[in-house]
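Note that the protein sequences, when read in sequence, are chains A and B. Taking numbering that gives the first Met the number 0 as reference, the numbering of the first sequence is continuous, increasing by one, and the terminal residue is 298. Taking numbering that gives the first Met the number 0 as reference, the numbering of the second sequence is continuous, increasing by one, and the terminal residue is 152. Quick reminder that beta carbons are idealized off the backbone N, C-alpha and C, glycines included. Since the structure is predicted, the reported quantities are computational estimates derived from the model, not experimental observations. One structure is given here, and the rest of the page talks about it.
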Amino acid sequence: MPKFRHLISIDDLNREDILYILDKAEEFEEVARGRVKLKILEGKILANLFFEPSTRTRMSFEVAMKRLGGDVINLTAQEASSIAKGETLADTIRVVSKYCDAIVIRHPLEGAARFAAENSDVPVINAGDGAGQHPTQTLLDLYTIKKECGKLDGISIALMGDLKYSRTVHSLIKALTLFKTKIYLISPETLMLPDDFLEELNGNIEKVDLDDVIDEIDVLYVTRIQRERFPDEEEYRRVAGSYRITADIVNGRDFIVMHPLPRVDEIDVSVDKTKNARYFQQAFYGVPVRMAILTEVML
Amino acid sequence: MKQLVISKIKDGTVIDHINAGKAPLVLRILGIKEDSKENVSMAMNVPSKKMGRKDIVKVEGKFISEEELNKIALISPNATINLIKDYEIKKKFKVKPPEFIEGILICPNRMCISNDKREPITSKFYIKVDENGVVAKCYYCGRKIRDIASYIK
Chain A
0 MPKFRHLISI DDLNREDILY ILDKAEEFEE VARGRVKLKI LEGKILANLF
50 FEPSTRTRMS FEVAMKRLGG DVINLTAQEA SSIAKGETLA DTIRVVSKYC
100 DAIVIRHPLE GAARFAAENS DVPVINAGDG AGQHPTQTLL DLYTIKKECG
150 KLDGISIALM GDLKYSRTVH SLIKALTLFK TKIYLISPET LMLPDDFLEE
200 LNGNIEKVDL DDVIDEIDVL YVTRIQRERF PDEEEYRRVA GSYRITADIV
250 NGRDFIVMHP LPRVDEIDVS VDKTKNARYF QQAFYGVPVR MAILTEVML
Chain B
0 MKQLVISKIK DGTVIDHINA GKAPLVLRIL GIKEDSKENV SMAMNVPSKK
50 MGRKDIVKVE GKFISEEELN KIALISPNAT INLIKDYEIK KKFKVKPPEF
100 IEGILICPNR MCISNDKREP ITSKFYIKVD ENGVVAKCYY CGRKIRDIAS
150 YIK
């Protein structure tokens, strides 16, 4: 029995579901690297419906599908916007779901993926709905931590940057509270996690400065601080400058550095060559994790 | 001298102990609008021993289902219902908040798909009660509402 038919929100999964997907992803790693050939999705078609631009997520779904022998049809953001003028999302989904075996959707409106699932004959995977959910990113983040730290229970993680608006961070924190993790929050006051979000969580969470925990953490998860969140350029520069990771900060320390990418300048390129950098590896892990999800909903 | 604020009804539904001032919202929740045919009487800010002030709504000739009536708990959790038959109370109960509602509230999140006027979509909310009262959570975007009265359609 599949653990789920659609994958819309990380909230729909419990601890066991998550561990099951991560274990399954591990079995696909060599296929994701192209070292082992596996054609278990041969004859299956995935529809990538991206109503907003995306490179990484769309490509990694495409790679995951193709390496498993399946085919992909793509609706680009430009085509999607012209469809959106003439047709409802409900109708687009009803039509496309007749052509394929699963749908991956990214859409600017929150809840669009759940609505798509209501109108689809085939499984729907949410690849980001506005400021809402992006569950496959969360799963690949958890997979990275598990692979690179050897465990999820017992890790200590610091999340740094824009904790207020980042959907990646919100989903990841929710998922981390299902495990015995210590979560540190590092951000300017204006970009701190909203209180009503914090209230809902039943985890070991603390607001700190990086210096206080730098020798204690296993993972430093950095997110982008967006310019448009600040009223003026000077304020942005001041804040962004103080949340910048360089090789000097990480050298000699054991924690790994993760980032959902794309980065701007919150992680200096000097970090790329350190033993701590894992963000490109993290991007690769998106492939086996998405393979696990695709096979789960399609087979 | 005791005085009836509004007359007794022969058959129908009496909603009592509504929080003062909320009777018009109760009618909206029940879908009773200006052009509805029901014979409705409403009393607002009536003195009440338990509540200080309360509202009462009587709907003549109509037995509203328990499921519908429970929606009143969203804005008035202490409301009581009397189903009347031949001037006698046939059934009396206190409203209980439903666990899930459709089409009653508007999501305050402008970026929620449920607010896209072009889509064939009905708003849906999970309902929970905590120490601070009733909380509605949007099924689509997850936004929470505490000030429920402000978001009734």
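Practice prompt. Check distances from the C-beta atoms of the stretch 190-213 of chain A to those of chain B and list, in chain order, the residues that come in under 9 Å.
Written response: 195, 199
Worksheet item: In whole angstroms, what separates the C-alpha of residue 18(B) from that of residue 50(B)?
Response: Against the second sequence, residue 18(B) aligns to sequence position 19. Against the second sequence, residue 50(B) aligns to sequence position 51. Taking the straight line from one Cα to the other gives about 8 Å.
Worksheet entry | Min CB distance residue 119(B) to chain A below 8 Å | One-based indexing of the second sequence puts residue 119(B) at position 120. Yes, its Cβ sits closer than 8 Å to a Cβ of chain A.
Discussion item. Which of the three DSSP states is assigned to residue 141(A) in this structure?
Written reply: Locating residue 141(A) in the first sequence gives position 142, counting from the first residue. Reduced to three states, the DSSP call for residue 141(A) is helix.
Worksheet item: For residue 115(A), which residues from the same chain have a beta carbon less than 6 Å from its beta carbon, with the 5 sequence-adjacent residues on both sides left out?
Response: Sequence index remark: in the first sequence, residue 115(A) carries index 116 (1-based). Answer for residue 115(A): 92, 104, 123, listed in chain order.
Item to complete: Using a threshold of 8 Å, state whether the C-beta atoms of residue 108(A) and residue 34(B) are closer than that.
Response: The residue labelled residue 108(A) in the question sits at position 109 within the first sequence. The residue labelled residue 34(B) in the question sits at position 35 within the second sequence. No, Cβ-Cβ distance for residue 108(A) and residue 34(B) is not below 8 Å.
Discussion item. Mapping the DSSP letters down to three states, classify residue 159(A) as helix, strand or coil.
Written reply: In the first sequence, counting from the first residue as 1, residue 159(A) sits at position 160. Residue 159(A): strand per DSSP, three-state reduction.
Worksheet item: Does the beta-carbon distance from residue 64(A) to residue 293(A) come in below 8 Å?
Response: For the purposes of this step, residue 64(A) is taken as residue 65 along the first sequence, with counting starting at 1. For the purposes of this step, residue 293(A) is taken as residue 294 along the first sequence, with counting starting at 1. Their beta carbons are under 8 Å apart, which means residue 64(A) touches residue 293(A) by this criterion.
Discussion item. Residues of the stretch 97-118 of chain A in Cβ contact with chain B at a cutoff of 7 Å, in chain order, please.
Written reply: 108, 109, 110, 111, 113, 114
Item to complete: Take residue 210(A) as the anchor and find which of 198(A), 159(A), 178(A) has the nearest alpha-carbon.
Response: As a first step, residue 210(A) must be located in the first sequence, where it is residue number 211. That would be 159(A), whose Cα lies nearest to the Cα of residue 210(A).
Worksheet item: Which whole runs of the beta strand (DSSP E) in the stretch 163-226 of chain A are 3 residues long or more, in chain order?
Response: 181-185, 203-206, 218-221
Practice prompt. Find the nearest neighbour of residue 60(B) within the set 121(B), 109(B), 13(B), 150(B), judged by alpha-carbon distance.
Written response: As a first step, residue 60(B) is located in the second sequence; it is residue number 61 there, counting from the start. Of 121(B), 109(B), 13(B), 150(B), the residue nearest in Cα terms is 13(B).
Discussion item. What would DSSP say about residue 284(A), mapped onto helix, strand or coil?
Written reply: Position 285 of the first sequence, counting from 1, holds the residue named residue 284(A). Note: residue 284(A) maps to helix in three-state DSSP.
Worksheet item: Using 8 Å as the limit for Cβ to Cβ distance, is residue 69(A) near chain B?
Response: Within the first sequence, numbered from 1, the residue matching residue 69(A) stands at position 70. By this cut-off, residue 69(A) is not an interface position.
Worksheet item: Straight-line CA distance for residue 140(A) to residue 181(A)?
Response: In the first sequence, counting from the first residue as 1, residue 140(A) sits at position 141. In the first sequence, counting from the first residue as 1, residue 181(A) sits at position 182. Using only the alpha carbons, I get a separation of about 16 Å.
Practice prompt. Name the two residues that bound the continuous beta strand (DSSP E) containing residue 47(B).
Written response: Walking along the second sequence from the start, residue 47(B) turns up at place 48. Its beta strand (DSSP E) spans residues 38-47.
Discussion item. Measuring straight from C-alpha to C-alpha, what distance separates residue 130(B) and residue 141(B)?
Written reply: For this step, residue 130(B) is matched to residue 131 along the second sequence. For this step, residue 141(B) is matched to residue 142 along the second sequence. Computed Cα separation, rounded: 20 Å.
Item to complete: Determine the contact status of residue 56(B) and residue 25(B), defining contact as a CB-CB distance below 8 Å.
Response: Looking up residue 56(B) in the second sequence gives position 57. Looking up residue 25(B) in the second sequence gives position 26. Against a cut-off of 8 Å, the Cβ pair of residue 25(B) and residue 56(B) comes out as a contact.
Worksheet item: Hey, is residue 116(B)'s beta-carbon within less than 8 Å of any beta-carbon in chain A?
Response: The residue labelled residue 116(B) in the question sits at position 117 within the second sequence. No, residue 116(B) does not count as interfacial toward chain A.
Item to complete: Measure from the alpha carbon of residue 176(A) to the alpha carbon of each residue in 190(A), 204(A), 195(A), then state which is nearest.
Response: Walking along the first sequence from the start, residue 176(A) turns up at place 177. Ranking 190(A), 204(A), 195(A) by Cα distance to residue 176(A) puts 204(A) first.
Worksheet item: DSSP beta-bridge partners for residue 52(B)?
Response: In the second sequence, counting from the first residue as 1, residue 52(B) sits at position 53. In DSSP, residue 52(B) forms a bridge with 46(B).
Worksheet item: Going straight from the alpha carbon of residue 281(A) to that of residue 214(A), what length do you get?
Response: For the purposes of this step, residue 281(A) is taken as residue 282 along the first sequence, with counting starting at 1. For the purposes of this step, residue 214(A) is taken as residue 215 along the first sequence, with counting starting at 1. In a straight line, the C-alpha of residue 281(A) is about 22 Å away from that of residue 214(A).
Worksheet item: For residue 19(A), does the three-state DSSP call read helix, strand or coil?
Response: Walking along the first sequence from the start, residue 19(A) turns up at place 20. Helix at residue 19(A).
Worksheet item: For the putative contact between residue 106(A) and residue 51(A), defined by C-beta atoms under 8 Å, what is the C-beta separation to the nearest angstrom?
Response: Counting from 1 along the first sequence, the entry for residue 106(A) is found at position 107. Counting from 1 along the first sequence, the entry for residue 51(A) is found at position 52. 7 Å between Cβ atoms; contact.
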